[in-house]
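**Student:** So the mapping is simple: our numbering equals the position in the sequence shown, first residue as 1, plus 611.
All C-beta atoms, glycine included, are put in the ideal place defined by N, C-alpha and C.
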Amino acid sequence: MNDSIKIGLIGFGTVGTGVVKLLFEENKPLLRDREIDIDLIKIADLDIISDRGIKIPDGILTTNVDDILDDPQIGIVIELIGGYEPARSLTLRAFEKGKCVVTANKALIAKYGRELFEAANNAGISYLFEASVGGGIPIIRGLNNGLNANTIKSIYGILNGTTNYILSGMTRDGVDYDEVLAMAQKLGYAEADPTSDVSGQDALNKIVILVRLAFGADLNVETVFCEGIENLTVQDIDCAGQLGYTVKLLAIAKRHEGNRIEVRVHPTLVPSESIMAYVEDEFNAVEVDGSAVGRELFYGKGAGMMPTASAVVSDCIDIASRLNAGTRVNFNRHMIEGNGLELIAIEDITMRYYLRFTAKDQPGVLFQISKIFADENISIESVIQLGASDSDYVPLVIMTHDALEGDMRRAMRQFEKLEVVHGRIQLIRVEDI
Ligand code: HSE
612 MNDSIKIGLI GFGTVGTGVV KLLFEENKPL LRDREIDIDL IKIADLDIIS
662 DRGIKIPDGI LTTNVDDILD DPQIGIVIEL IGGYEPARSL TLRAFEKGKC
712 VVTANKALIA KYGRELFEAA NNAGISYLFE ASVGGGIPII RGLNNGLNAN
762 TIKSIYGILN GTTNYILSGM TRDGVDYDEV LAMAQKLGYA EADPTSDVSG
812 QDALNKIVIL VRLAFGADLN VETVFCEGIE NLTVQDIDCA GQLGYTVKLL
862 AIAKRHEGNR IEVRVHPTLV PSESIMAYVE DEFNAVEVDG SAVGRELFYG
912 KGAGMMPTAS AVVSDCIDIA SRLNAGTRVN FNRHMIEGNG LELIAIEDIT
962 MRYYLRFTAK DQPGVLFQIS KIFADENISI ESVIQLGASD SDYVPLVIMT
1012 HDALEGDMRR AMRQFEKLEV VHGRIQLIRV EDI
């Protein structure tokens, strides 16, 4: 047996608690069998008073991160504080001190991946982030190892458990967005401040990480199109259902000819018989299309204490095995700098659309709407007037054929000026996966 590798944990929240449970209790016999000797010897958090339901031996808890960063015994630092700062500075300090780092911090990797991978390489240490995407699903290893003999053609992901839980509730139970969100918060599925989940930002960070691994694209996260689920209504989910579609928050990445890629995150109508439509509640799924393997689906719990802790501890075990063997994770140039792929502007992407208008029920309305479509070169696939009219206005649902997003945006600006159209026009993109 090799010498024990000492670990320091920064951030004792939900996932941190799961990590402690695995390292202190459940994984001890498993690790012994695998001849991995890792020891969690310090936990830093501002709150070391609250009872997390685990007995922590004396001398382990501290409020001072320096107790971890300055401890020469510690070889692996687990960063579970999230956000950009102080996570970024602490990670760089850990590298400088020759400590390997494991993180679940998707925002940090998505924005500062290039700087952090480069710094890890320069310091000659390992930096792993399996828990940053898909919770307990080993999608990072899947792309980095299992599928590394493939050119990846596309990735479709349901990458956020909170929004998938909300959409599942709205679809299954017909309950409004606000009500399901409140229920999700009560059950602990959604954060007290769910902004980064419902706005799509969390899924965006995750797809940017996957795109770096799969395509070697060094993207600026702020340039990728992202729309959240805040404006979706049960009415649209019902209409979509009647048309044979289910609404999901989908993260999409596709490789195009000529060194270009398409990446976007938004609510999406997917065929109700597609696999993605069956991914419900807090579950995540990532469908990867590889040149040799074809389409593969990674599915599992994408959030929560123990699934995410599983990914964190698996990274610690990986690093410990490498340290025992005298090796480390080394990022290639493609992972650090990208390989020059160009992100296609959203306006230049072609797709199908669902639009719901609340329109006056009178002659000539459809003519005014369809004229704008025709002027913008958008071809209508079907028009449905749903439900009985109980006022002067009726819901009018239009599905289009493939159209350019730029044309659709111009059309939307004109629809919004129509006197016969009332309130918000709902636009949802369609993906026939
Ligand atoms: N908040 C995320 C989700 C989990 O709801 O999926 C952490 O990535």
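From what residue to what residue does the beta strand (DSSP E) around L620 run?
**Tutor:** Counted as a single uninterrupted DSSP element, the beta strand (DSSP E) harbouring L620 occupies residues I616 to I621.
**Student:** From I687, P683, G664 and A715, pick the residue whose C-alpha is nearest to that of A557; which is it?
**Tutor:** Since the displayed the chain opens at 612 and closes at 1044, residue 557 lies outside it and no answer follows.
**Student:** Put F894 into one of helix, strand or coil per three-state DSSP.
**Tutor:** strand
**Student:** One question on the structure: do R875 and F836 come within less than 8 Å of each other, judged by their Cβ atoms?
**Tutor:** yes
**Student:** What number of angstroms, rounded off, separates the C-alpha of G745 from the C-alpha of S1002?
**Tutor:** 45 Å
**Student:** DSSP has G905 in a bridge; who is on the other side?
**Tutor:** G901
**Student:** Taking the alpha helix (DSSP H) that E790 falls in, what are its first and last residues?
**Tutor:** Y788 to K797
**Student:** Specify, as a first and last residue, the run of the beta strand (DSSP E) that L634 falls within.
**Tutor:** Taken as a continuous stretch (DSSP letters only), L634 belongs to no beta strand (DSSP E), as it is neither H nor E.
**Student:** Is the CB-CB distance between K912 and E891 below 8 Å?
**Tutor:** no
**Student:** From N732 to G839, what does the alpha carbon distance come to, in whole angstroms?
**Tutor:** 35 Å
**Student:** Does the stretch 858-868 touch the stretch 817-829, meaning 3 or more C-beta pairs lie closer than 8 Å?
**Tutor:** yes
**Student:** Leaving out the 5 sequence neighbours to the left and right, which residues in its chain are closer than 6 Å to T625 when beta-carbon positions are compared?
**Tutor:** M916
**Student:** Quick check: is any heavy atom of ligand 1 less than 7 Å from the C-beta of T773?
**Tutor:** yes
**Student:** Am I right that E958 and E1016 are in contact with their C-beta atoms under 8 Å? What's the rounded C-beta distance?
**Tutor:** 5 Å
**Student:** Would you mind sorting I659 into buried or exposed? The rule is 16 or more other CB atoms within 10 Å of its CB.
**Tutor:** exposed
**Student:** Would you list the residues sitting across from A864 in a DSSP beta bridge?
**Tutor:** I766 and V874
**Student:** For the stretch 896-914 and the stretch 715-731, state whether three or more C-beta atom pairs, one from each stretch, are separated by less than 8 Å.
**Tutor:** At 8 Å Cβ cutoff, the stretches do not touch.
**Student:** For a test of the three-state rule: what should DSSP assign to T674, helix, strand or coil?
**Tutor:** In the structure shown, T674 sits in coil (DSSP, three-state: anything other than H, G, I, E or B).
**Student:** Verify whether the separation of the beta carbon atoms of V924 and I763 is less than 8 Å.
**Tutor:** no
**Student:** On a CA-only basis, which of G811, L754, D929 and L1007 is nearest P878? Give me that one, please.
**Tutor:** Comparing Cα positions, the closest option is G811.
**Student:** Hey, L633 and G627: beta-carbon distance below 8 Å or not?
**Tutor:** no
**Student:** Taking Cβ to Cβ, would you say I769 is nearer than 8 Å to V791?
**Tutor:** Cβ distance not < 8 Å, so I769 and V791 don't count as in contact.
**Student:** What does M1010 pair with, by DSSP beta-bridge criteria?
**Tutor:** Y965 and S993
**Student:** Go through its chain and collect everything with a Cβ distance to T919's Cβ below 7 Å, but skip five positions before and after it.
**Tutor:** Within the same chain, T919 has close Cβ partners V626, G629, A715, A742, G746 and G747.
**Student:** Starting from the Cα of L651, find the closest Cα among I667, R663, L641 and D644 and give me that residue.
**Tutor:** I667
**Student:** Is G852 near ligand 3, in the sense that its beta carbon is under 7 Å from a heavy atom of that ligand?
**Tutor:** Ligand 3 is not among the ligands present in this structure, which contains only ligand 1.
**Student:** Along the chain, where does the beta strand (DSSP E) containing G686 start, and where does it finish?
**Tutor:** I685 to E690
**Student:** Output needed for Y910: all residues of its chain with C-beta closer than 6 Å, excluding positions within five of it in sequence on either side, in chain order.
**Tutor:** A896
**Student:** What separation, rounded to the nearest whole angstrom, lies between the Cα atoms of R1040 and F942?
**Tutor:** 36 Å
**Student:** Just verifying my parser: in three-state terms, what is the DSSP assignment at D972?
**Tutor:** coil
**Student:** Is the beta carbon of Y788 closer than 8 Å to that of M887?
**Tutor:** For M887 and Y788, no; Cβs fall outside 8 Å.
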